[in-house]
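Written out below as structure tokens is the structure these notes cover.
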Amino acid sequence: MARNRPTVADLQALKGKRQLSKLRVFSLEEAEAAEHAGIDIISVTYDVMFDPRFRDAAPTCFAIPGDERIKLGATTDEILRMAVKLRAASADAMYCSASLQTIRRLRDEHIPVCGHVGLIPAHATWTGGFKAVGKTAESAAFVWKQVKDLEAAGAFAAEIEVVPAGVASAISRRTPLIMISMGAGAGCDAQYLFSEDVLGTNRGRYPRHAKRYRDFAAEFDRLQNERIAAFCEYADDIQSGAYPEPRHMVEADPEELRKFEVFLASEGY
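Numbering (the UniProt record's numbering), first residue to last: 1 to 269.
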């Protein structure tokens, strides 16, 4: 059955009815695979988002570009300009972990914003580094305040990262925001993983919440070994004379070749 690309209102209407799927993709091929798999939401790199072929690859996925080019220190105006360009490139919303002032500015320009609470990698120094946030009543209240602040600023959704499942579930039930769980349990509105974890291309440490469904790293290693072997065989064939064979060459008519050699001789060659 054909599906239409969801709007913000469509996603909000699904809150509490079914879990949404979200996937971070890094290429057009991954975006196309997400489309065929029926993934609801994709987080997209800017390079993929700005590729004119993107919507041919993923016409019905709700696309939220990440903010990898908007590092800490970018001004609200710079972020707004980028958001406008992304919307023009068919982005459905904008991920933003910048200030509440910036989120309010984006909302004032009618740009849907997905915020971030709990463990925010760019701001992890404020919550003790790369570890769970919300394991105590006090820190859980801090996450709740983050959510309420995003509500007031006009965000429509928030990624909630590495927060205890019970805390995340309690928050999700009490906010109109679409809560997107990354390591925050099944009680939220959506589940979020990176394609590199799902496909097994991540060669580093896998986070606790990641689940590997394929082992592309092993396949890439196999292909690299095959690549090296093929190149070695090619080099050996050149040295042995096995390449090129007659079938790889074009031959001139013998009489025409004789005339050419006579010409070269007449020129002193």
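Using N, Cα and C, we set each Cβ at its ideal position, and we do this for glycine too.
Using only alpha-carbon positions, find the residue among the options that is nearest to residue i.
i           : options            : result
residue 116 : 109, 4, 178        : 178
residue 170 : 188, 239, 234      : 188
residue 198 : 241, 25, 13        : 25
residue 255 : 202, 263, 249      : 263
residue 213 : 253, 118, 195      : 195
residue 182 : 168, 175, 154, 89  : 168
residue 31  : 45, 200, 244, 101  : 45
residue 56  : 39, 76, 28, 93     : 28
residue 114 : 94, 78, 245, 54    : 94
residue 122 : 36, 239, 74, 242   : 74
residue 211 : 128, 193, 126      : 193
residue 202 : 219, 190, 191, 186 : 219
residue 109 : 87, 97, 98         : 87
residue 112 : 134, 133, 150      : 150
residue 80  : 89, 107, 63        : 107
residue 18  : 186, 216, 245, 243 : 186
residue 154 : 101, 180, 217      : 101
residue 271 : 41, 63, 38, 39     : Residue 271 cannot be examined here, being either before or after the span of the chain that is shown, 1 to 269.
residue 175 : 236, 260, 148, 229 : 148
residue 4   : 124, 59, 223, 190  : 59
residue 143 : 82, 231, 118       : 118
residue 160 : 98, 53, 133        : 133
residue 146 : 137, 184, 158, 249 : 158
residue 92  : 206, 76, 137, 40   : 40
Would you call residue i buried or exposed, if buried means 16 or more other Cβ atoms sit within 10 Å of its Cβ?
i           : result
residue 251 : exposed
residue 164 : buried
residue 140 : buried
residue 257 : exposed
residue 268 : exposed
residue 152 : exposed
residue 266 : exposed
residue 208 : exposed
residue 200 : buried
residue 65  : buried
residue 130 : exposed
residue 11  : buried
residue 22  : buried
residue 15  : buried
residue 96  : buried
residue 240 : exposed
residue 223 : exposed
residue 105 : buried
residue 35  : buried
From the beta carbon of residue i, is the nearest beta carbon of chain B less than 7 Å away?
i           : result
residue 230 : Protein chain content of the structure displayed is limited to a single chain, and chain B is not contained in it.
What did DSSP end up calling residue i once you bin it into helix, strand or coil?
i           : result
residue 95  : strand
residue 87  : helix
residue 53  : coil
residue 276 : Residue numbering for the chain in the displayed model covers 1 to 269; residue 276 lies beyond these limits and cannot be assessed.
residue 11  : helix
residue 236 : helix
residue 6   : coil
residue 78  : helix
residue 148 : helix
residue 58  : coil
residue 133 : coil
Please name the residue or residues paired with residue i in a DSSP beta bridge.
i          : result
residue 64 : 43
residue 21 : 191
At a cut-off of 6 Å, is residue i close to the ligand ATP when judged by its beta-carbon and the heavy atoms of the ligand?
i          : result
residue 64 : Questions concerning the ligand ATP fall outside what the structure shown contains, since it holds no ligand whatsoever.
| request: Go through the region 151 to 234 residue by residue and report every complete run of the beta strand (DSSP E) that reaches 3 residues or more, in order. | output: Runs of beta strand (DSSP E) with 3 or more residues, each lying fully within the region 151 to 234, are found at 157 to 161, 178 to 182, 190 to 194, listed in chain order.
| request: Please specify which runs of the alpha helix (DSSP H), each continuous and at least 4 residues long, are wholly inside the region 97 to 131, giving them in chain order. | output: Counting only runs of 4 or more, we get 100 to 108.
| query | Taking only runs of the alpha helix (DSSP H) that begin and end inside the region 241 to 268, which ones reach a length of at least 4 residues, in chain order? | reply | Qualifying alpha helix (DSSP H) stretches, in chain order: 254 to 266.
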